[in-house]
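Engineer:
Numbering (the working numbering), first residue to last: 5 to 588.
1) Name the DSSP bridge partner or partners of residue 149?
2) If we count Cβ pairs, one from each stretch, closer than 8 Å, do we get three or more for the stretch 87 to 97 versus the stretch 56 to 71?
3) Just list the residues that DSSP pairs residue 4 with in beta bridges.
4) Return the first residue and the last residue of the beta strand (DSSP E) that residue 379 is part of.
5) Who are the near neighbours of residue 495 in its chain, counting only those whose CB is closer than 7 Å to its CB and skipping five residues on each side?
6) Leaving out five residues on either side along the sequence, give the residues of the same chain with a beta carbon under 7 Å from the beta carbon of residue 120.
7) Here's the rule: buried if 16 or more other CB atoms are within 10 angstroms of the residue's CB, otherwise exposed. What is residue 312?
8) Considering only C-alpha positions, which residue in the set 203, 382, 549 and 587 is nearest to residue 521?
9) Identify whether residue 347 lies in helix, strand or coil by the three-state DSSP scheme.
10) When DSSP labels each residue in this structure, what does residue 61 get in the three-state scheme?
11) In this structure, how does DSSP classify residue 319 when only helix, strand and coil are distinguished?
12) So for residue 198, helix, strand or coil by DSSP?
13) Evaluate contact between the stretch 258 to 274 and the stretch 293 to 303, counting only Cβ atoms and requiring at least three cross-stretch pairs below 8 Å.
14) Go ahead and label residue 190 buried or exposed: buried means 16 or more other beta carbons lie within 10 angstroms of its beta carbon, across all protein chains shown.
15) Restricting to Cα atoms, I'd like to know which of 337, 239, 491 and 493 is closest to residue 328.
16) Report the residue from 99, 53, 52 and 47 whose alpha carbon sits nearest the alpha carbon of residue 74.
17) Please classify residue 150 as buried or exposed, where buried requires at least 16 other C-beta atoms within 10 Å of its C-beta.
18) Look up residue 283 in the DSSP assignment and say whether it is helix, strand or coil.
19) Which residues in the same chain as residue 519 place their Cβ atom closer than 6 Å to its Cβ, once the five residues preceding and following it in sequence are excluded?
20) Would you mind sorting residue 294 into buried or exposed? The rule is 16 or more other CB atoms within 10 Å of its CB.
21) With which residues is residue 234 paired in a DSSP beta bridge?
22) DSSP three-state label for residue 23, please.
23) Terminal residues of the continuous alpha helix (DSSP H) containing residue 520?
24) By Cβ distance, which residues of its chain are closer than 6 Å to residue 310, with the 5 residues on each side in sequence left out?
25) Would a C-beta distance cut-off of 9 Å place residue 169 and residue 213 closer than the cut-off?
26) What did DSSP end up calling residue 357 once you bin it into helix, strand or coil?
27) What's the call for residue 317, buried or exposed, on a 16-neighbour Cβ count within 10 Å?
28) Name the two residues that bound the continuous beta strand (DSSP E) containing residue 40.
29) Measure the C-alpha to C-alpha separation of residue 229 and residue 158 and round it to an integer number of angstroms.
30) Name the two residues that bound the continuous beta strand (DSSP E) containing residue 159.
31) Comparing alpha-carbon positions, which option in 508, 511, 542 and 552 lies nearest residue 529?
32) Can you tell me the Cβ-Cβ gap for residue 322 and residue 353, rounded? I've got them flagged as a contact below 8 Å.
33) Output the distance between the C-alpha atoms of residue 215 and residue 347, rounded to the nearest integer angstrom.
34) For residue 498, I'd like the list of residues in its chain whose CB is within less than 8 Å of its CB, leaving aside the five on either flank, ordered along the chain.
35) Is it right to say residue 349 is buried, meaning 16 or more other beta carbons lie within 10 angstroms of its own, or is it exposed?
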């Protein structure tokens, strides 16, 4: 009996043991291009295993199941493991949620696991990895960011070209996991119309490459600046050692994550020696000219004064000097114009400010010479260009001295009618006897007022109900109101870059909602273009509208001068006005 009892206890000791169910990961911190293994381990044979929702990860392999059971010194042990291989799809703190099993009618869950996903990291080549080493020769798949210059001056252009090198491997497409970030850089992507495969070499090995992205950068801050990497998830075809019945090599499909790696740019500040007092940040090589539309005018007739700089350099990142004119010439705020193209060599073209000037008095007036200073990269020194003196001849009108004396004389003469103005010469008498309220005009007005007001109230109520029932019309009115509100808010935020571009983007979106009768979910670039063109909008206005909308997104994070912000506001007002007239 004693032996039977001992055998019974050994047989069912598993039922008396405490249930353990936990999740373990191979590492808690990994790069965007790395993988982790997660194991869900239980010491009992649980049922109805429910895997967690792997948000932020892609399941590369799994689940695989392992079961082991052993007897050691009369004690039994049991273990069941569900394993997964995961690939992160985003950076940041990612939480792997709970898994669950059932055992003896009870539900057991694992604890959530926090995993930190960083930028893609450099990985050493594994000689046993078929994705990197093949039987027919080495297999190459590398993403490289080629920097034209790593120690530029402040506002000196540099280029970043992203190339994907590959060899003995098939590429079936890719998607961006992490876009490069150019903090403290002014940046613009150079359009690549069509991807082309070219021959080249990587680390001494002959291979092919494709240029995926070209970007021009202008550093806006001195010191060490970091370009965060571009990371791609690439679908690949990998060769194997097996062949089909025709002798052709059999390939397998897989995904690889590659990264260009972070790049550090050491930006040199512009030298302080010889820096002109009026230097406004222009870097490159420029010509500077000030041109009047005419030099002889009549009183009240306007002329235009154009201040312009042309050449190559950071054309959009500095302001032109402002002319100083005599008080007799009334000068209005300028209209800014840019005709600038951007290529891998940098920005080139012409920028100008056009001032409208209206003379008030007859005479000859001098506009003093203007100075424009810039830093010449070819010589490493500052250069200053001085414009010519401009003489404006006003042919007719009052002389300034006569006008001033007439104005002063008018101020000193006191008219007779004003001498006793403070004494009231007329009075109004009020009777002390008041009329009775009964039978007065106010009495009859209050008596018949309800008969007049009630029909007005009924008509107004019906009109309001009709307006409330017009859902589409109300939405259009609301969107129109919001567009005007945000456009007004953008104007107030001209000195606050991020708030300005947020308000400007909302204004343009609400304008589209009002005019095209669409919702936010329908605002794709292709849909907007098709709808605007179908409503007889000018194609150039449509392209300008879409480009400005896209510009609002990255302009919030890129450095911008007050001139470029004012220019974007003026451009938005102009484009909205044009589309208002064109859309039918």
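Glycine included, C-beta positions come from ideal geometry on N, C-alpha and C.
Just so it is clear, the structure is predicted and the values come from calculations on it, not from any experiment.
Structural biologist: If we stick to the structure as given:
1) In the chain shown, the residue the question calls residue 149 occupies position 145. Note: residue 149 sits in a beta bridge opposite 166.
2) yes
3) Any property of residue 4 remains undetermined from this structure, which presents the chain solely from 5 to 588.
4) Translated into the one-based positions of the chain shown, residue 379 becomes position 375. Residue 379 -> beta strand (DSSP E) spans 375 to 380.
5) Here residue 495 refers to the residue found at position 491 of the chain shown. The residues are 573.
6) Here the question's residue 120 lines up with position 116 in the chain shown. These residues qualify, in order along the chain: 32, 33 and 97.
7) Locating residue 312 in the chain shown gives position 308, counting from the first residue. Buried: at least 16 other Cβ atoms inside 10 Å.
8) Counting from one through the chain shown, the residue named residue 521 turns up at place 517. Checking every option, the nearest Cα to that of residue 521 belongs to 587.
9) On the chain shown, position 343 is the one that residue 347 refers to. The answer is strand: DSSP assigns residue 347 an E or B state.
10) Along the chain shown, read from residue 1 onward, the residue named residue 61 stands at position 57. Here DSSP, grouped into helix, strand and coil, assigns residue 61 to strand.
11) The residue given as residue 319 occupies position 315 in the chain shown. Coil at residue 319, not helix or strand.
12) Position 194 of the chain shown holds residue 198. Coil.
13) no
14) Working through the chain shown from its first residue, we reach residue 190 at position 186. Answer is buried; the Cβ neighbour count reaches 16.
15) Within the chain shown, the letter at position 324 stands for residue 328. Here the closest residue by C-alpha is 337.
16) Position 70 of the chain shown, counted from the start, is the residue given in the question as residue 74. Closest option to residue 74, Cα to Cα, is 47.
17) What you label residue 150 is simply residue 146 of the chain shown in a count that begins at 1. It is exposed - the Cβ of residue 150 has fewer than 16 other Cβ atoms within 10 Å.
18) Residue mapping note: residue 283 aligns to position 279 of the chain shown, counting from 1. Reduced to three states, the DSSP call for residue 283 is coil.
19) As a working mapping, residue 519 is identified with position 515 in the chain shown. Correct list, in chain order: 587.
20) Start at 1 with the first residue of the chain shown, and residue 294 comes out as number 290. When all chains shown are included, residue 294 counts as buried.
21) As a first step, residue 234 must be located in the chain shown, where it is residue number 230. Paired residues: none, contrary to the question.
22) Numbered from 1 along the chain shown, position 19 holds the residue referred to as residue 23. Three-state DSSP puts residue 23 in coil, outside helix and strand.
23) In the chain shown, counting from the first residue as 1, residue 520 sits at position 516. 501 to 520 is the span of the alpha helix (DSSP H), which, as asked, contains residue 520.
24) In the chain shown, counting from the first residue as 1, residue 310 sits at position 306. The answer, listed in chain order, is 295, 356 and 358.
25) Here residue 169 corresponds to residue number 165 of the chain shown, with the count starting at 1. Here residue 213 corresponds to residue number 209 of the chain shown, with the count starting at 1. Cβ distance < 9 Å, so residue 169 and residue 213 count as in contact.
26) Reading the chain shown from its first residue, position 353 is the one you call residue 357. Note: residue 357 maps to strand in three-state DSSP.
27) On the chain shown, position 313 is the one that residue 317 refers to. So residue 317 ends up on the buried side.
28) Taking the first residue of the chain shown as 1, we reach residue 40 at position 36. Residue 40 -> beta strand (DSSP E) spans 40 to 46.
29) Counting from one through the chain shown, the residue named residue 229 turns up at place 225. Counting from one through the chain shown, the residue named residue 158 turns up at place 154. Cα to Cα, residue 229 sits roughly 11 Å from residue 158.
30) Numbered from its first residue, the chain shown carries residue 159 at position 155. Run containing residue 159: none; DSSP gives neither H nor E here.
31) Mapped onto the chain shown, residue 529 falls at position 525. Of the candidates 508, 511, 542 and 552, the one whose C-alpha sits nearest the C-alpha of residue 529 is 552.
32) As a first step, residue 322 must be located in the chain shown, where it is residue number 318. As a first step, residue 353 must be located in the chain shown, where it is residue number 349. Actually they do not touch by this definition, with Cβ atoms about 14 Å apart.
33) Counting from 1 along the chain shown, the entry for residue 215 is found at position 211. Counting from 1 along the chain shown, the entry for residue 347 is found at position 343. One C-alpha to the other measures close to 15 Å.
34) Here residue 498 corresponds to residue number 494 of the chain shown, with the count starting at 1. Closer than 8 Å at Cβ, skipping near neighbours: 504, 566, 569, 570 and 573.
35) Here residue 349 refers to the residue found at position 345 of the chain shown. Residue 349 should be labelled exposed.
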